[in-house]
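Undergrad: The sequence shown begins at 68 in my numbering and counts up by one. Using N, Cα and C, we set each Cβ at its ideal position, and we do this for glycine too. In this text the structure is predicted, and so the values were computed from the model without any measurement. Quick one: this structure, given as structure tokens, is what I'll be asking you about.
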Amino acid sequence: MKTIFFDLDDTLYFRRDAFYIAFEKYFKSLDKDLQKKSNDTCRIRGDEVFYDAQQGKITMEQMYIYRFQKGFADCGIVVSEKEALDFQSLYKKELYSLKLNSEVIKMLDFAKSNFEQLGIITNGPVDHQWNKVNNLGLDKWIKKDLTIVSAEYSVDKPDLKLFNIASQKACRKPEELIIIGDSFNNDIIPASSLGWHSIWIDLYGENFTAPEYQVKDISEIIPILKDFL
């Protein structure tokens with residue numbers, strides 16, 4: 068019986084859903100194309116400074132300001148530092164209000180019924196990530212001691228140390244472990260290099276070749292999991 072580790076953000080829930088709601092409320096805009104483009108550019112800009120924030124080189128506030136000022140500017144939307152932080156507050160509120168969608172619940176139910184144990188490996192601040200885990204009610208499926216939040220160990224994905232910590236906690240050999248995540252570089256490559264099985268959720272149509280399984284949607288995962296039984 069294998070152990071499955073999931074990424075959290077954009078794997079078990081989708082940050083874009085919270086972003087779209089926050090965007091509509093803050094900018095009073097129903098322009099779906101602009102919502103999508105802004106979400107993509109803000110995500111890319113946030114990734115540019117995420118590790119600096121995690122390592123204490125910049126503050127979290129500075130990261131939020133950079134992410135939303137630069138990301139919105141890429142779409143022709145000018146916001147002040149205060150407005151960037153105001154949007155972050157609204158976005159965070161919507162994040163904590165999200166619920167698991169039906170496809171994710173179906174996948175988790177199947178995984179819990181057919182696999183030995185389930186865990187999470189996620190990058191981010193301790194309180195922020197644990198609040199998401201708790202608000203989403205993931206303790207119904209995920210073992211608390213197999214929920215690995217990077218800041219608790221002062222190391223971030225894709226560092227192999229975090230995956231080795233997860234393997235040790237699960238007491239499983241690499242070939243008995245499966246990673247499911249949306250980040251090719253942070254989730255799939257490091258886990259695969261250690262001999263884990265992998266399922267990559269390619270949300271953005273990136274030009275990579277998956278080492279094992281690749282899907283576009285959560286609904287495609289259960290048939291793959293059946294291959295491991």
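#1: Give the DSSP bridge partners of residue 73, in chain order.
#2: In the DSSP output, what is residue 214 paired with across the bridge?
#3: Near residue 145, what residues of its chain come up, given a Cβ to Cβ distance below 8 Å and the 5 sequence neighbours on each side ignored?
#4: I'd like the list of long-range same chain contacts for residue 108, defined as Cβ closer than 7 Å, with 5 residues on each side in sequence excluded.
#5: Are the C-beta of residue 276 and some C-beta of chain D separated by less than 8 Å?
#6: Report the rounded CA-to-CA distance for residue 221 versus residue 95, giving the unit in angstroms.
#7: Quick check: the region 187-203 against the region 218-233, are at least 3 beta-carbon pairs closer than 8 Å?
#8: For residue 199, count neighbouring C-beta atoms within 10 Å of its own C-beta (all shown protein chains included) and say buried if the count is 16 or more, exposed if not.
#9: With respect to the beta strand (DSSP E) encompassing residue 268, which residues constitute its N-terminal and C-terminal limits?
TA: So, from the listed chains and residues:
#1: Position 6 of the sequence shown, counted from the start, is the residue given in the question as residue 73. Residue pairing by DSSP places residue 73 opposite 187, 247 in a beta bridge.
#2: Position 147 of the sequence shown holds residue 214. For residue 214, which the question treats as bridged, DSSP gives the partners 187.
#3: Start at 1 with the first residue of the sequence shown, and residue 145 comes out as number 78. Cβ neighbours of residue 145 within its own chain (closer than 8 Å, five residues either side excluded): 139.
#4: Looking up residue 108 in the sequence shown gives position 41. Counting only Cβ-Cβ distances below 7 Å, and skipping sequence neighbours, we find 138, 141, 142.
#5: You won't find chain D in this structure, because it holds only one protein chain.
#6: As a first step, residue 221 must be located in the sequence shown, where it is residue number 154. As a first step, residue 95 must be located in the sequence shown, where it is residue number 28. Each residue's Cα considered, the two are about 39 Å apart.
#7: Contact holds: three or more Cβ-Cβ distances are below 8 Å.
#8: Here residue 199 is taken as the residue at index 132 of the sequence shown, counted from 1. Around the beta carbon of residue 199, a 10 Å sphere encloses 16 or more other beta carbons of the protein chains shown; the residue is thus reported as buried.
#9: Counted from its first residue, the sequence shown places residue 268 at position 201. Bounds of the beta strand (DSSP E) holding residue 268 are 264-268.
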